[in-house]
Amino acid sequence: MFHYDNLIAKYNQSVPRYTSYPTVPFWKDWENNFLWKETFQKHFIKNSENSEGLSLYIHLPFCESLCTYCACNKRITTNHSVEEKYIETILKEWSLYKNLMSTPPLIQSIHLGGGTPTFFSPENLEKLINGIVEGATITEDYAYSIEGHPNNTTEEHLQTLYNLGFRRISYGVQDTDPVVQNAINRFQPTENVRKATEAARRIGFTSVNFDLIYGLPFQTVESMENTIREAIEIQPDRVAFYSYAHVPWKQKVQRLFDEGDLPDAGLKTKLYTTGKVMFAEAGYTDIGMDHFSLPSDELYKARMNGKLHRNFMGYTDTNTKALIGLGVSAISDIGVAYAQNYKELESYYQAIEKNEIPVIKGYFMDESDLVFKQYILDTICRGTTTFKDDFRDLLNEYSIPLLLEMEKDGLLTYADDKIEITKAGFHFVRNICKAFDIRWLTDLTNQGRFSKAV
Ligand SMILES: C[S@@+](CC[C@H](N)C(=O)[O-])C[C@H]1O[C@@H](n2cnc3c(N)ncnc32)[C@H](O)[C@@H]1O
Ligand code: SF4
675 MFHYDNLIAK
685 YNQSVPRYTS
695 YPTVPFWKDW
705 ENNFLWKETF
715 QKHFIKNSEN
725 SEGLSLYIHL
735 PFCESLCTYC
745 ACNKRITTNH
755 SVEEKYIETI
765 LKEWSLYKNL
775 MSTPPLIQSI
785 HLGGGTPTFF
795 SPENLEKLIN
805 GIVEGATITE
815 DYAYSIEGHP
825 NNTTEEHLQT
835 LYNLGFRRIS
845 YGVQDTDPVV
855 QNAINRFQPT
865 ENVRKATEAA
875 RRIGFTSVNF
885 DLIYGLPFQT
895 VESMENTIRE
905 AIEIQPDRVA
915 FYSYAHVPWK
925 QKVQRLFDEG
935 DLPDAGLKTK
945 LYTTGKVMFA
955 EAGYTDIGMD
965 HFSLPSDELY
975 KARMNGKLHR
985 NFMGYTDTNT
995 KALIGLGVSA
1005 ISDIGVAYAQ
1015 NYKELESYYQ
1025 AIEKNEIPVI
1035 KGYFMDESDL
1045 VFKQYILDTI
1055 CRGTTTFKDD
1065 FRDLLNEYSI
1075 PLLLEMEKDG
1085 LLTYADDKIE
1095 ITKAGFHFVR
1105 NICKAFDIRW
1115 LTDLTNQGRF
1125 SKAV
């Protein structure tokens, strides 16, 4: 068996986070392909009309200032007059989908992501949600959630959202150390996080998540310990502890970082294990790659009863046959196909003005994609997967040799057509998923376009 440092050296490769399979570089350009766009709409109709309902992801891209690590699709502005046009456009986009359906939509979940959804005024968020649910039926087990910035989430926001049915909020905390905050251009006193959390709880939110990142410039084991201690003191129900994705070829703003100030792979792993140990000591369970949860939270329950799912939002406890993404850059997942909207705001607006569903790229899965997608989802959500008879040739040629190698390194066990990830293997779950990524393994042109595994 390898020593941990050797494992890091061996497995710290460029690896996707597997929020989709096949991953985005394999998706096709649909901009001028009317047949594909039409086929996507036909699949949408089929998959959206069922008794479990639809999930909606709504991307709200505006932020008042730029955090220099950020890999999300965002538009920086302090001009709040942009809110109204954006909301009207989202509602128009939703009406294009509703026009395709023969029955009123049944909504199971709504997630407002960003950018910074709390950039929008409470009145405009209310207008948005009321417009979305107008004429729709809502399932009994519905779940509405929002990503809020602790600096600009007001009591009025929280009360308005609560009245609309929101019970889950996720705050970006990232790091509480002043030196790190200075390097990432994000100035956020922990007091703001505490106040925003207490207000959410008082008003009735039942799940508060914190996003933290390890691997940011100037982080040390000591500063990470302080950040985590301060976070744990406020007792979030869940924590997403993300590995900093350094992708300067995609996110030009990350070029502002001096790469010498970033923790190397060894320190990055220490930062992660520091967090993992501290979360465990504080009663949080390791849900998967980068999520921790208190046993009272729905995410923990989903992990325990095998219902955990993974999509573009990361780990989730909801999994409907159709997830529709509305807004600039939003992604839809309708089981057999993915589709992504225009990434530039102006092109997104233009498409909606022409009454076009604004998808620009996407992917239709074939039978083999569906089999390997399931292996990846099982591995990343449950830590185990059992092989099927279908596409055994691909499995034997590409996956099994890599899995055997990982078994030798102590990352997993392989017996009776089944793999199980070991404790040490969890840190390398992205690498294990890569062994099932047939599209990637059989195409050498895309290698190196993802952030490092560690
Ligand atoms: C859209 S932001 C969330 C809400 C809000 N905009 C905020 O910053 O508070 C989603 C999360 O993605 C994570 N994130 C953004 N860029 C990242 C990167 N390069 N690597 C890892 N995580 C990143 C951050 O933790 C962030 O909170
Ligand atoms: S981390 Fe959040 S607030 Fe900062 S730029 Fe990205 S989306 Fe905006």
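Every position in the sequence shown, counted from 1, becomes a number in my numbering once 674 is added. Here a beta-carbon is modelled for each residue, glycine too, at the ideal position from N, C-alpha and C.
What number of angstroms, rounded off, separates the C-alpha of residue i from the C-alpha of residue j?
| i | j | result |
| --- | --- | --- |
| residue 911 | residue 1028 | 43 Å |
| residue 973 | residue 887 | 19 Å |
| residue 678 | residue 878 | 44 Å |
| residue 680 | residue 939 | 11 Å |
| residue 990 | residue 902 | 22 Å |
| residue 1117 | residue 689 | 14 Å |
| residue 957 | residue 881 | 16 Å |
| residue 1061 | residue 1071 | 14 Å |
| residue 1046 | residue 830 | 45 Å |
| residue 848 | residue 860 | 9 Å |
| residue 913 | residue 883 | 5 Å |
| residue 725 | residue 780 | 8 Å |
| residue 873 | residue 935 | 36 Å |
| residue 841 | residue 769 | 26 Å |
| residue 933 | residue 778 | 52 Å |
| residue 1083 | residue 1077 | 10 Å |
| residue 1112 | residue 1067 | 11 Å |
| residue 904 | residue 863 | 11 Å |
| residue 717 | residue 816 | 23 Å |
| residue 941 | residue 741 | 22 Å |
| residue 739 | residue 1092 | 48 Å |
| residue 1040 | residue 700 | 13 Å |
| residue 1088 | residue 1063 | 16 Å |
Taking the beta carbon of residue i as the centre, do at least 16 other beta carbons fall within 10 Å, making it buried, or is it exposed?
| i | result |
| --- | --- |
| residue 1006 | buried |
| residue 993 | buried |
| residue 776 | exposed |
| residue 748 | buried |
| residue 1114 | buried |
| residue 854 | buried |
| residue 712 | exposed |
| residue 923 | exposed |
| residue 999 | buried |
| residue 1122 | Interpretation of residue 1122 is limited by its pLDDT of 48, a score under 50 that renders its predicted location unreliable; the figure taken from the coordinates is listed afterwards. Counting Cβ neighbours within 10 Å, residue 1122 comes out exposed, since fewer than 16 surround it. |
| residue 1035 | buried |
| residue 788 | buried |
| residue 891 | buried |
| residue 1080 | buried |
| residue 1090 | exposed |
| residue 977 | buried |
| residue 827 | buried |
Examine ligand 1 and report whether any of its heavy atoms sits within less than 7 Å of the Cβ of residue i.
| i | result |
| --- | --- |
| residue 893 | no |
| residue 999 | no |
| residue 1014 | no |
| residue 1101 | no |
| residue 849 | no |
| residue 1109 | no |
| residue 885 | yes |
List the whole-angstrom C-beta distance separating residue i from residue j, where the pair is believed to meet the contact cut-off of C-beta under 8 Å.
| i | j | result |
| --- | --- | --- |
| residue 1055 | residue 962 | 6 Å |
| residue 714 | residue 996 | Their Cβ separation, rounded to whole angstroms, is 11 Å, which puts residue 714 and residue 996 out of contact at 8 Å. |
| residue 794 | residue 757 | 5 Å |
| residue 1105 | residue 692 | The Cβ separation is near 11 Å, so there is no contact. |
| residue 1002 | residue 735 | 5 Å |
| residue 987 | residue 731 | 7 Å |
| residue 1050 | residue 1110 | 5 Å |
Run the proximity test for residue i: is its beta-carbon closer than 7 Å to any non-hydrogen atom belonging to ligand 2?
| i | result |
| --- | --- |
| residue 920 | no |
| residue 1055 | no |
| residue 846 | yes |
| residue 889 | no |
With the cut-off set at 8 Å, would you say residue i and residue j are in Cβ contact?
| i | j | result |
| --- | --- | --- |
| residue 801 | residue 1026 | no |
| residue 1086 | residue 1095 | yes |
| residue 952 | residue 907 | no |
| residue 948 | residue 895 | yes |
| residue 696 | residue 1037 | yes |
| residue 812 | residue 835 | no |
| residue 822 | residue 843 | yes |
| residue 937 | residue 893 | yes |
| residue 946 | residue 1101 | yes |
| residue 870 | residue 845 | yes |
| residue 928 | residue 760 | no |
| residue 915 | residue 964 | yes |
| residue 733 | residue 1013 | no |
| residue 943 | residue 764 | no |
| residue 783 | residue 729 | yes |
| residue 1059 | residue 1103 | no |
Compare the C-beta of residue i against all C-beta atoms of chain D and say whether one is closer than 8 Å.
| i | result |
| --- | --- |
| residue 1008 | No chain D appears in this structure, which consists of one protein chain only. |
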